[in-house]
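Chains A and Z are the protein sequences, given in the same order. Under my numbering, residue 124 is the last one in the first sequence; the count climbs by one each step, no gaps. Under my numbering, residue 422 is the last one in the second sequence; the count climbs by one each step, no gaps.
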Amino acid sequence: MLKEIKYHADNLAQILEIEGEEGQFEYLIDYGKKGNSFLEIDRNENNKMSGCLAQVWVKSYKKEDKNYFEGDSDALIVRGLVKIITKAFSGLSTTEIKKVRHDIVNQLGLGPSLSARRQVGMMAMIDHIKIISKAK
Amino acid sequence: MNTKAESAVLAKRDDRIDWALLRDDFPILNKQVNDHPLVYLDNAASSQKPQQVIDAIRRYYEHDNANVHRGIHELSNRATEAYEAARQRVAEFINAGSSDEIVFTRGTTEGLNLVAQTWALENLREGDTILLTEMEHHSNLVPWQILARRIGVQLDFIEINGDDGQLDLKWLDEQLARARLLSLTHISNTLGSVNPVTEICARARDSGVITVVDAAQSAGHIPIDVSEIGCDFLAFSGHKICGPTGIGVLYGQRKLLEAMPPYQSGGEMITKVEYRDSTFNIVPHKFEAGTPNVAGAVGLHAALDYLDAIGREAIFEHDQQLANLTCEQLSKIDGIRLFGPSEGRSAVVSFVLPDAHALDLATMADQKGVALRAGHHCTQPLLAKLGVPATARASFYFYNTEAEVDRLIEVIHQVRKLVAS
């Protein structure tokens, strides 16, 4: 499992047990708010993912054969998820990204309400990341 | 549990309705969702079903199920009788001249597509104009766009006057003068506006324009009288008015239906088939190829009985009370954007909070048992015009209560607090 995914999966699992899904919402909202460096100018059509209920933007750049991603959303829970995924895939080579299956999101340990609604969206986000990094 | 529409009648005392008593007819409304009592406020998407409808469908499958029209055995006769009785009941429900003017469809979307792919394809030519409104659901927009691509018709739109969501009819006569067909929604699923379809259809008729009314949001909420509206076609769905999914209605004026080519083809819609040609059945059967949704029609019949036992005037009054109460409560939130008319609104309340995204609200409200909808509500161009990517929408029906409005407002405040923390 990707290190970043494992880190959040452990936290989210613990929160789900103690506080339930509402705790997971809070965690994701807080994580999304923390250090949000996505610039307003980057919230543009080029970076926008289509087909999402909330608006989602993802941008990427390459440094020494590694891919880096940043993402944002106008919905806070989604923003938290976008940030987890973009951070998890940052620093990977295109070959490494290719090897990651998009159902890795199942390992995040989201509660039933969140997983039912957001799993498909997160898989689409991973597919989007694969496309913009030419890993698909 | 009472049978047929009895409980709806029992809930009436001296013409006053005990709305809380009606809730007992809906098994799902007593359920817990995410460990909270369900507060179902997504009725514009689909309504819940009373036991009477569920029982009617079960009874049909237990006692009468067979294929319709062609059989000569008892069950087939019973199924045919039930199916055609449902058609007759629909005709009464909307005051159509005859049950021959009632075509069963899968829902509103199929009804609108049927008109686009039959009447419009047969009668419109390149350069002709179809007039729509800016508040149409995708199901009353995309079929016309596809037709435009196919035969080169033009689309024109009656504008709305901003967040208030009323149609601007200033240029209607000029627009009608250029149009061959007008298709519009009776009640907006996003704004809650109730459009003056009778007036608009009368003006369209004066201009010789064919009229199509999308009654998906109005059929089970206000009385519908197609003779009074004066429309040529009207479509609605069963599942939004306490009936089952997969059954809907297209009303069409008989002379138009008779002149139209078939929609889909196969069994049921023919009278004689030879290897190289066929002759088609009479209306409405010409438009019902294949084995129809008999159980759906039976369930719809029960739903219409149920609604009329309550009374659609009373339902609309109740809808409006809840929607107005919601708007009153929501308008106390600084910076909220409320969509739709301040007066005469239907059961739909769309809004954007100043601090919580509609999707965050709907996700967290669900966790507290409150079912809302968030997004574009299949009206993407309308939301683009209003300049918002998504709204939250609460939509009511007669089984909703003031206590549920209070719960909604309570949950909204809880979510805002959580988002702000």
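Quick reminder that beta carbons are idealized off the backbone N, C-alpha and C, glycines included.
Distance between residue j and residue i (C-alpha atoms, nearest Å)
i: S194(Z); j: F397(Z); result: 14 Å
i: V295(Z); j: A80(Z); result: 7 Å
i: V40(Z); j: V34(Z); result: 9 Å
i: A67(Z); j: I55(Z); result: 18 Å
i: I119(A); j: N55(A); result: 12 Å
i: K(-9)(A); j: V108(A); result: 21 Å
i: L387(Z); j: R338(Z); result: 11 Å
i: T83(A); j: I73(A); result: 17 Å
i: M2(Z); j: E75(Z); result: Per-residue confidence for M2(Z) stands at a pLDDT of 44, beneath the threshold of 50, marking its modelled position as unreliable; the derived number appears in the next sentence. Their backbone Cα atoms lie some 30 Å apart in a straight line.
i: M113(A); j: I17(A); result: 18 Å
i: L177(Z); j: I316(Z); result: 33 Å
i: G291(Z); j: E259(Z); result: 19 Å
i: V116(Z); j: V227(Z); result: 16 Å
i: N35(A); j: V66(A); result: 16 Å
i: A357(Z); j: L132(Z); result: 36 Å
i: L183(Z); j: V213(Z); result: 6 Å
i: A421(Z); j: G20(A); result: 13 Å
i: Q53(Z); j: S208(Z); result: 44 Å
Backbone secondary structure at residue i - three-state DSSP
i: E127(Z); result: coil
i: I159(Z); result: strand
i: L373(Z); result: coil
i: N3(Z); result: In this prediction, N3(Z) scores a pLDDT of 48, lower than 50, which makes its location untrustworthy; the coordinate-derived value is nonetheless stated afterwards. Coil, per DSSP.
i: V91(Z); result: helix
i: R79(Z); result: helix
i: H319(Z); result: helix
i: F27(Z); result: coil
i: K36(A); result: strand
i: L98(A); result: coil
i: D207(Z); result: helix
i: L42(Z); result: coil
i: T380(Z); result: coil
i: L41(A); result: coil
i: Q107(A); result: helix
i: T246(Z); result: coil
i: A180(Z); result: strand
First through last residue of the alpha helix (DSSP H) which encompasses residue i
i: E58(A); result: Counting along the chain, E58(A) falls outside any alpha helix (DSSP H), though it belongs to the beta strand (DSSP E) covering K54 to S61.
i: S228(Z); result: V227 to I230
i: V143(Z); result: V143 to I152
i: L339(Z); result: No alpha helix (DSSP H) contains L339(Z), which is instead part of the beta strand (DSSP E) from R338 to F340.
i: Y(-5)(A); result: K(-9) to E7
i: G221(Z); result: G221(Z) -> no alpha helix (DSSP H), and no H or E assigned at all.
i: K75(A); result: L64 to F77
i: E84(A); result: T82 to K87
i: V69(Z); result: Segment: none, V69(Z) is in no alpha helix (DSSP H) and carries neither H nor E.
i: V116(Z); result: T109 to V116
Residue i - partner residues in DSSP beta bridges
i: L251(Z); result: V104(Z) and A236(Z)
i: F26(A); result: Its beta-bridge partners do not exist; DSSP assigns none.
i: H37(Z); result: V34(Z)
i: V195(Z); result: I188(Z)
i: F399(Z); result: Paired residues: none, contrary to the question.
i: L168(Z); result: I161(Z)
i: T134(Z); result: I159(Z)
Test item: CB-CB of residue i and residue j under 8 Å
i: F352(Z); j: A324(Z); result: no
i: T191(Z); j: L383(Z); result: yes
i: L373(Z); j: L42(Z); result: yes
i: E28(A); j: L419(Z); result: no
i: C379(Z); j: H138(Z); result: yes
i: I29(Z); j: Q49(Z); result: yes
i: V70(A); j: H116(A); result: no
i: L235(Z); j: I95(Z); result: yes
i: A57(Z); j: G300(Z); result: yes
i: A123(A); j: K86(A); result: yes
i: D367(Z); j: A348(Z); result: no
i: A375(Z); j: L41(A); result: yes
i: I1(Z); j: T134(Z); result: Nothing in the structure corresponds to residue 1(Z), since chain Z is present only between 2 and 422.
i: C232(Z); j: A304(Z); result: no
i: R181(Z); j: I147(Z); result: no
i: F237(Z); j: A205(Z); result: no
i: G108(Z); j: G249(Z); result: yes
i: D164(Z); j: F340(Z); result: yes
Span of the beta strand (DSSP E) around residue i
i: D215(Z); result: I211 to D215
i: T272(Z); result: I271 to V274
i: T392(Z); result: T392 to S396
i: Y49(A); result: V44 to K51
i: E281(Z); result: The residue asked about is misnamed: residue 281(Z) is Phe in this sequence, not Glu. Note, F281(Z): beta strand (DSSP E), S279 to F281.
i: V295(Z); result: No beta strand (DSSP E) contains V295(Z), which is instead part of the alpha helix (DSSP H) from V295 to I311.
i: F352(Z); result: V349 to V353
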